[in-house]
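Numbering of the sequence shown is given in my numbering, commencing with residue 4 and proceeding in unit increments.
Notes follow once the structure below has been shown.
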Amino acid sequence: MAAMAMAMAGLMNGERAVVLLFIGRVLFSLPLSLLFHGIALSLLALSALSLDILADSSTSLAQFNTRPGASSGILLGAVTLPAVVISKMIQLSRAFSLDQVGIEELESLTLQYWAASASCLSVLIFLCITLWRAPENMPPPPAHNVWHAKFSLSCIILHTAVSFVTFGTVSLTSFETALKLLWMLCHGLAAVKLIQHVIKTFPSCASIGESCLVTSGLVLYFGDMLAYTIEKVSGFTMKSEVVQYGSKRSEISIIIQGLLLGLLLFPMVFKFVLRIWESTFSTARSEVRTNNEIWRSLIFFSSLGFIMIVIIPSWMQLVQDFHMHPLLWVLSFIFSEPLKRLSLCVYWMCVIYVSVLRFYNISKNSKIERILLRKYYHLMAVSMFLPALIFQPEFLDLSFGAALAVFLALEIIRVWRIWPLGQSIHKFMNAFTDHRDSDLLIVSHFSLLLGCALPIWMSSGYNDRPLAPFSGILSLGIGDTMASVVGHKYGVLRWSKTGKKTIEGTAAGITSVLAACSVLLPLLASTGYILTEHWGSLLVAVTVSGLLEAYTAQLDNAFIPLIFYSLLCL
4 MAAMAMAMAG LMNGERAVVL LFIGRVLFSL PLSLLFHGIA LSLLALSALS LDILADSSTS
64 LAQFNTRPGA SSGILLGAVT LPAVVISKMI QLSRAFSLDQ VGIEELESLT LQYWAASASC
124 LSVLIFLCIT LWRAPENMPP PPAHNVWHAK FSLSCIILHT AVSFVTFGTV SLTSFETALK
184 LLWMLCHGLA AVKLIQHVIK TFPSCASIGE SCLVTSGLVL YFGDMLAYTI EKVSGFTMKS
244 EVVQYGSKRS EISIIIQGLL LGLLLFPMVF KFVLRIWEST FSTARSEVRT NNEIWRSLIF
304 FSSLGFIMIV IIPSWMQLVQ DFHMHPLLWV LSFIFSEPLK RLSLCVYWMC VIYVSVLRFY
364 NISKNSKIER ILLRKYYHLM AVSMFLPALI FQPEFLDLSF GAALAVFLAL EIIRVWRIWP
424 LGQSIHKFMN AFTDHRDSDL LIVSHFSLLL GCALPIWMSS GYNDRPLAPF SGILSLGIGD
484 TMASVVGHKY GVLRWSKTGK KTIEGTAAGI TSVLAACSVL LPLLASTGYI LTEHWGSLLV
544 AVTVSGLLEA YTAQLDNAFI PLIFYSLLCL
């Protein structure tokens, strides 16, 4: 037993231990009504843990060409999204017990939880098959590798059985149950296909865990869009049978979903149109191709404009009654409070101009480490987003969507090198990259923006934890920044022999977030928020997210805000 305990301790690195601590905290907060959901999350975590350990000792996953220097991150990537959804379910369960939300919202979130679990579980099945199917010229895997693979598959089978039992205990007809299970299966298949596409299209850009988080999140997000569209087109006939994603949607959420859908699908449309154009004029009029870059640019911007001005707004008006073009609705929304919102826009533009100009010059001429220099942008995010979140939260929601759309458009232009902006954008963005970015895909600015935006978007509707929307700003803008600065300048004691993170830096990050919360809570109370946070739970949430920042080799901008948000919702 002692030898087995020592072996398990050797396999349990810091990142895995913190993730299991996080899962344990979530399970500890579960009400009895969510018992089966908690069992499913436990089985998912055990399966992912076994695969995470197996990935370290196997070469079968080397074919995926993941980001250099990063661990597989399978455990963290597989449990993050289901844990976020189940934390939100715990929050809504409190509201339902107080008759503050209807059963429809809780059922909608429950189905999203099972869809997220199905997506992550399918990715684990895909990884299991990949690890099991070793090349013929490879020696047989060691006995402990076989045990880990069998254990992971056993947990996956048990997870599937729990989901069947859960649906069986709900008063549904056989047809409704079959449709819901089919819906989950579609999520799983889509997640597997998407993660294969992401890893193949963007080699060396992400770890397996990061790819799992991105693909499961996209599948869940656009599955929600598809379900809502089906409900609207079919006259709500499927609402009680398949997907109870709810009928209450704000115009802002529809606009954000439409923008992201159009920009994420646009590269495929552009590639298709470009092939048709080149095949047509390569045989008909070859002299047109002398100015190929200009024609390519014209096709790009005209296609982009048509999709974003005609196609996507048409979808928005199909699923939401805007009474006008969505672009005109945005303008009317801004000018409904012109002084506050236009003043905020001017303030943002001044902060962005001054910060980018100064730090771009410093990055070219200074010897300051790139990772440390970029932390100043985290502070810039605090100065920009914190006042807006307190006084103009709806406008900040819309602004986050617009900013993310601009970032996506610029990244598409950079990757495709679209004349005349592509090369200039590439040179400019390279000034702010670090070891986690690649020449093919620059993700740091996306992860920072999404890390601040996602907790705010997920807090729309019922929210009895006023600090939850601030989790991204607090963990990235304050905690991560202070941990990096203090650890770089004063850190001596390292968490591990091979890592760079220091105990002093982590302590500074945790202390700074707690200090910021002690200032923020009275300010929120003065603006009308009802405070329900308990300092014991807040201390646990800040400590766990701080330890994850210290130990993880994954993209912390993506994971830490979600983990912190989940813990604050409990």
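Cβ coordinates follow ideal geometry from the N, Cα and C atoms, glycine included.
In chain order, Val354, Ser358 place their CB closer than 7 Å to the CB of Met383, counting only its own chain and leaving out the 5 sequence neighbours on each side. In terms of Cα proximity to Leu407, the closest of Tyr379, Cys455, Leu389, Lys378 is Cys455. The region 205-218 makes contact with the region 68-77, as at least three CB pairs between them are under 8 Å. The continuous alpha helix (DSSP H) containing Thr509 extends over residues 506-529. In this structure the region 216-232 touches the region 75-88; the number of beta carbon pairs closer than 8 Å is three or more. DSSP places Arg70 in the coil class of the three-state scheme, outside both helix and strand. When DSSP reads this structure, Arg497 sits in a beta bridge with Thr505. Collapsing the DSSP output to three states places Ala553 in a helix. Within 10 angstroms of the beta-carbon of Phe388 lie 16 or more other beta-carbons, which makes it buried. With respect to Leu78, Arg19 sits close: the two C-beta atoms are nearer than 8 Å.
Across the structure, Glu108 and Ser96 are spaced so that their CA atoms are roughly 10 Å apart. If you draw a straight line from the Cα of Ser474 to the Cα of His200, it is about 31 Å long. Between Ser122 and His40, the C-beta spacing is not below 8 Å. Burial check for Tyr356: the Cβ neighbour count within 10 Å stays below 16, so the residue is exposed. Secondary structure at Trp422: coil, using DSSP grouped into helix, strand and coil. For Ala209, the three-state secondary structure derived from DSSP is coil. Contact check for Gln115 and Tyr465: beta-carbon distance about 15 Å, past the 8 Å limit, so the pair fails to qualify. Under the three-pair Cβ rule at 8 Å, the region 258-273 counts as touching the region 305-315.
Gly502 is not a Cβ neighbour of Ala486, given a cutoff of 8 Å. The region 504-522 and the region 477-486 touch, with three or more beta-carbon pairs separated by less than 8 Å. Minimum Cα-Cα distance from Ser111 among the listed residues Lys91, Leu101, Ser100, Ile128 corresponds to Lys91. Setting aside the 5 residues that flank it on each side, Ala48 is surrounded in the same chain by Ile26, Val82, each with a C-beta closer than 6 Å to its C-beta; the list follows chain order. Look at the beta carbons and you see the region 561-572 touching the region 445-463: at least three pairs across the two are nearer than 8 Å. Exclusion of the five residues before and after Pro270 leaves Ile415 as the residues of its chain whose Cβ lies within less than 7 Å of its Cβ. When the beta-carbon positions are compared, Thr180 and Phe170 come within less than 8 Å of each other. Note that the C-beta distance between Arg468 and Leu571 is below 8 Å.
Looking from the CA of Ser155, the closest CA among Ile106, Val29, Leu54 belongs to Leu54.
Per DSSP, reduced to three states, the secondary structure at Asn466 is coil, with no helix or strand assignment. With distances taken between CA atoms, Phe336 lies nearest to Phe398 out of Ala471, Phe398, Tyr224, Leu411. Nearest to Cys131 by alpha-carbon distance, out of Ala51, Ser32, Leu524, is Ala51. In the DSSP assignment, Val22 falls within the unbroken alpha helix (DSSP H) covering 17-31. Put simply, of Ser569, Thr555, Ser339, Leu573 the residue whose alpha carbon is nearest the alpha carbon of Ala73 is Thr555. Secondary structure at Gly490: helix, using DSSP grouped into helix, strand and coil. Shortest Cα-Cα distance from Pro329 to any of Thr283, Ala528, Ser256 involves Ser256. Met15 and Trp135 have their C-alpha atoms some 22 Å from each other. Residue burial annotation: Leu360 is exposed, with fewer than 16 other C-beta atoms found within 10 angstroms of its C-beta.
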